[in-house]
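S.K.:
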Amino acid sequence: MTTSSSSVASNIPKKPETGKVWSAGSGARRLRTAMTVAALLAMPMISSLCNTAVTMAPVQKPNPLINLNRVVLEPMEKKATGEPEVVVRKTREGQNYILLNLSFQGAGLHIVDAIRTGRILEHKIVVRDSRGRVIGSSPINFQAVKVTRTRIQKDEQDILVTDENTSVPLEDATEGRETVRRSYSLRTFSEDDRIPQSIVLTSVPEPGQHISVYVEISLVDPVLQELCSSVEAGACPRAQKMVFREVETDNRDVIQEIIDRYKNYERGPFRFELKKTPDYYRQAIKDEIGELNKRDTHDRYTDALTPGGNKFQEYSNVARTGSRVFYREWRLLGEPRYFKISLKKEVEDSLEEEKKEKQQEEEQTLEGRDDLLKTPEGSYEDIKDPEGSYE
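So the sequence shown is residues 444 to 834, counted in this note's numbering.
#1: So if DSSP puts A682 in a beta bridge, which residue, or which two residues, is it bridged to?
#2: Is DSSP giving Y758 helix, strand or coil here?
#3: Run through DSSP, which three-state label would P721 get?
#4: Using the DSSP secondary-structure output, state which residues sit across from P639 in a beta bridge.
#5: So, is V768 buried or exposed, given that buried needs 16 or more other C-beta atoms within 10 angstroms?
#6: Excluding the five sequence neighbours on either side, which residues of its own chain have a C-beta within less than 6 Å of the C-beta of L748, listed in chain order?
#7: Tell me whether the stretch 510-518 and the stretch 537-552 touch, counting them as touching only if at least three CB pairs, one residue from each stretch, are closer than 8 Å.
#8: Assuming L662 and V531 form a contact by the criterion Cβ under 8 Å, report the distance between their Cβ atoms to the nearest whole angstrom.
#9: Once you ignore the five residues that flank V555 on each side, which residues in its own chain have a CB closer than 6 Å to its CB?
#10: Below 7 Å between beta carbons: does that hold for G561 and V570?
#11: Could you spell out the range, first to last residue, of the alpha helix (DSSP H) harbouring K706?
#12: Contact check, E669 vs P680 under 8 Å by CB: the rounded distance?
#13: Looking at C-alpha atoms only, which residue of G537, E536, N544, Q538 is the closest neighbour of P527?
#14: Return the CA-CA distance between L809 and T622, expressed in angstroms with no decimal places.
#15: Rounded to the nearest angstrom, what separates S641 and L508 at their Cα positions?
#16: Distance check for I638 and K589, CA to CA, integer angstroms please.
#17: Report yes if the CB atom of L786 is closer than 7 Å to the CB atom of P650, and no otherwise.
#18: Does L735 come out as helix, strand or coil in the three-state DSSP assignment?
#19: Count the other C-beta atoms from every protein chain shown that fall within 10 angstroms of the C-beta of W465, then say buried if there are 16 or more, exposed otherwise.
#20: Taking buried to mean at least 16 other C-beta atoms within 10 Å of its own C-beta, is R714 buried or exposed?
#21: Tell me which same chain residues have a C-beta within less than 6 Å of the C-beta of I698, skipping the five on either side of it?
#22: Using a Cβ-Cβ cutoff of less than 7 Å, which residues in the same chain neighbour K521 once the five nearest sequence positions on both sides are dropped?
#23: Please classify L667 as buried or exposed, where buried requires at least 16 neighbouring CB atoms within 10 angstroms.
#24: Evaluate I595 with the Cβ neighbour count: other Cβ atoms within 10 Å of its Cβ, from every protein chain shown; 16 or more gives buried, anything less gives exposed.
#25: Where DSSP assigns a beta bridge to F769, which residues make up the other side?
#26: Tell me the rounded alpha-carbon separation between Y627 and T591.
#27: Does DSSP put Q726 in a helix, a strand or coil?
#28: Just the C-alpha distance for L564 and I558, rounded to the nearest angstrom, thanks.
#29: Out of S573, I732, I702, which has the shortest C-alpha to C-alpha gap to Y781?
#30: Which stretch, first to last residue, makes up the alpha helix (DSSP H) that contains R559?
#31: Hey, K567 and E659 are a contact pair by Cβ (cut 8 Å); roughly how many whole angstroms apart?
#32: So, at 6 Å on beta carbons, what are the nonlocal neighbours of K684 in its own chain, with the 5 sequence-adjacent residues on each side left out?
#33: Which residues bound the beta strand (DSSP E) around G579?
#34: Out of curiosity, what's the CA-to-CA distance linking I728 and D746?
#35: Going by DSSP in three states, N539 sits in which element: helix, strand or coil?
#36: Cα-Cα, which of H553, I701, K719 is closest to E634?
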């Protein structure tokens, strides 16, 4: 910057010598020219000062595959032969219901977390009879609460400590009032856990008939779409055009070949098939994505660093002209699973009713409170030891 300033000063016109004519207009033009040259010389220095290093957050990579076939509903009980069996029970109010275990290991989508974070807005378990009629549906239930009760009893007594290091009570101990404190924590589930579900049925098929059960969810998955300029000649958005260009070109050729064969009066039918295997195209798409994720030189940062100060290799700028987010929602159905049903004749309380009745009975006496302290999650005994951890 100092060199540029001196260059400007040296080009300022001086007082004209004797016998020469000095023009104020020409002096102003010379001054403007000198200032423009100085600004051009200073631009590289200013540009280097504007480019700075940036510390990038760790990449949260999404699962490459969401597979609802891995969202499994299975009965809690089995026959003596080991075959799964759905047992229809009846509450005291006359409602028929079934109990199922829900698991989603390997589905690529944590069902419970997606419901909590709002990515899944609608969800339900659907039960159909052998004729395809819906005979029951219920939202996915993951609300399991652990109640911890702590009993505290405070006793007081004055004691005198003698010179012989012995203690002598001055009065009888006073028994304080017992207090009970309760704390509540919500159960959390991992992908390996089985989550108990209860579904009320509107009608009950005959024993021995089959029913089908499956999961239906609405998944909100926003799309980040590149903005394209008018001079990019069909190469944008890159995340769509560049990634699928090989399979799109091959498919176009196959369709054109079918049309040409019909034009030549060849005997059909001609079926559309991929030129190469699906696995080949999967790898080709991944390779194209890898090319898009290489570092782009047209950005405003000289370096991209990790929180530890190392070079951040993941940084790229796929959309040079910006991007926008668009709303997209998927309506997804799980794979139906089929089971035989049987009926349980004796009337039973539902799980929630059993929980309330047991809690009311045990809280009426101190013995009941003691029992609750021993097994604070005892209201879940009939669900065959549900899995999960507590927050």
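Using N, Cα and C, we set each Cβ at its ideal position, and we do this for glycine too.
M.R.: Here's the rundown:
#1: Here the question's residue 682 lines up with position 239 in the sequence shown. According to DSSP, which records beta bridges pairwise, A682 is partnered with nothing at all.
#2: Sequence index remark: in the sequence shown, residue 758 carries index 315 (1-based). Correct three-state label for Y758: coil.
#3: The residue labelled residue 721 in the question sits at position 278 within the sequence shown. Correct three-state label for P721: helix.
#4: As a position in the sequence shown, residue 639 is number 196, starting the count at 1. Answer is N544, bridged to P639.
#5: Position 325 of the sequence shown, counted from the first residue, corresponds to residue 768. Under this definition V768 is an exposed residue.
#6: For the purposes of this step, residue 748 is identified with residue 305 of the sequence shown, where counting begins at 1. Excluding positions up to five away in sequence, the list reads A496, T498, F755.
#7: yes
#8: One-based indexing of the sequence shown puts residue 662 at position 219. One-based indexing of the sequence shown puts residue 531 at position 88. L662 to V531, Cβ: 31 Å. No contact.
#9: The sequence position of residue 555 within the sequence shown is 112, counting from 1. Here the set comprises F585, F632.
#10: In the sequence shown, residue 561 corresponds to position 118, counting from 1. In the sequence shown, residue 570 corresponds to position 127, counting from 1. Their beta carbons are not under 7 Å apart, which means G561 does not touch V570 by this criterion.
#11: Position 263 of the sequence shown holds residue 706. 688-706 is the extent of the alpha helix (DSSP H) around K706.
#12: For this step, residue 669 is matched to residue 226 along the sequence shown. For this step, residue 680 is matched to residue 237 along the sequence shown. Confirmed, about 4 Å.
#13: The residue labelled residue 527 in the question sits at position 84 within the sequence shown. It is N544.
#14: Indexing the sequence shown from 1 puts residue 809 at position 366. Indexing the sequence shown from 1 puts residue 622 at position 179. Because the pLDDT at L809 is just 47, under 50, the model does not fix this residue reliably, and the value given afterwards should be weighed accordingly. Approximately 12 Å between the Cα atoms of the pair.
#15: Your numbering for residue 641 matches position 198 in the sequence shown. Your numbering for residue 508 matches position 65 in the sequence shown. About 29 Å.
#16: Translated into the one-based positions of the sequence shown, residue 589 becomes position 146. Translated into the one-based positions of the sequence shown, residue 638 becomes position 195. One C-alpha to the other measures close to 15 Å.
#17: In the sequence shown, the residue the question calls residue 786 occupies position 343. In the sequence shown, the residue the question calls residue 650 occupies position 207. Cβ atoms of L786 and P650: closer than 7 Å.
#18: Numbered from 1 along the sequence shown, position 292 holds the residue referred to as residue 735. In the structure shown, L735 sits in a helix (DSSP, three-state: H, G or I).
#19: In the sequence shown, the residue the question calls residue 465 occupies position 22. Low local confidence applies: a pLDDT of 48 at W465 is under 50, so the model's placement there is unreliable, with the coordinate-based value given in what follows. Flag for W465 reads exposed.
#20: Against the sequence shown, residue 714 aligns to sequence position 271. Exposed, because fewer than 16 other Cβ atoms sit within 10 Å of the Cβ of R714.
#21: For this step, residue 698 is matched to residue 255 along the sequence shown. Hits under 6 Å: none found.
#22: The residue labelled residue 521 in the question sits at position 78 within the sequence shown. Same-chain partners within the cutoff: P527, E528.
#23: Counted from its first residue, the sequence shown places residue 667 at position 224. Answer is exposed; the Cβ neighbour count stays below 16.
#24: Against the sequence shown, residue 595 aligns to sequence position 152. With fewer than 16 other Cβ atoms within 10 Å, it is exposed.
#25: The count along the sequence shown starts at 1 and reaches residue 769 at position 326. Per DSSP, V666.
#26: The residue labelled residue 627 in the question sits at position 184 within the sequence shown. The residue labelled residue 591 in the question sits at position 148 within the sequence shown. Going from the Cα of Y627 to the Cα of T591 covers about 6 Å.
#27: Translated into the one-based positions of the sequence shown, residue 726 becomes position 283. Q726 falls in the helix class under three-state DSSP.
#28: Here residue 564 corresponds to residue number 121 of the sequence shown, with the count starting at 1. Here residue 558 corresponds to residue number 115 of the sequence shown, with the count starting at 1. So the two alpha carbons sit approximately 7 Å from each other.
#29: Numbered from 1 along the sequence shown, position 338 holds the residue referred to as residue 781. Answer by Cα proximity: S573.
#30: Here residue 559 refers to the residue found at position 116 when the sequence shown is read from its first residue. That run of the alpha helix (DSSP H) goes 554-560.
#31: Start at 1 with the first residue of the sequence shown, and residue 567 comes out as number 124. Start at 1 with the first residue of the sequence shown, and residue 659 comes out as number 216. About 5 Å; that satisfies the 8 Å criterion.
#32: Taking the first residue of the sequence shown as position 1, residue 684 is located at position 241. Once the five neighbours on either side are set aside, the close Cβ partners of K684 are A678.
#33: Working through the sequence shown from its first residue, we reach residue 579 at position 136. Segment 577-581, the beta strand (DSSP E) holding G579.
#34: As a first step, residue 728 must be located in the sequence shown, where it is residue number 285. As a first step, residue 746 must be located in the sequence shown, where it is residue number 303. Looking at the two C-alpha atoms, the distance is approximately 28 Å.
#35: Taking the sequence shown and counting its residues from 1, one reaches residue 539 at position 96. Three-state DSSP puts N539 in a strand.
#36: Counting from 1 along the sequence shown, the entry for residue 634 is found at position 191. Nearest option by C-alpha distance: H553.
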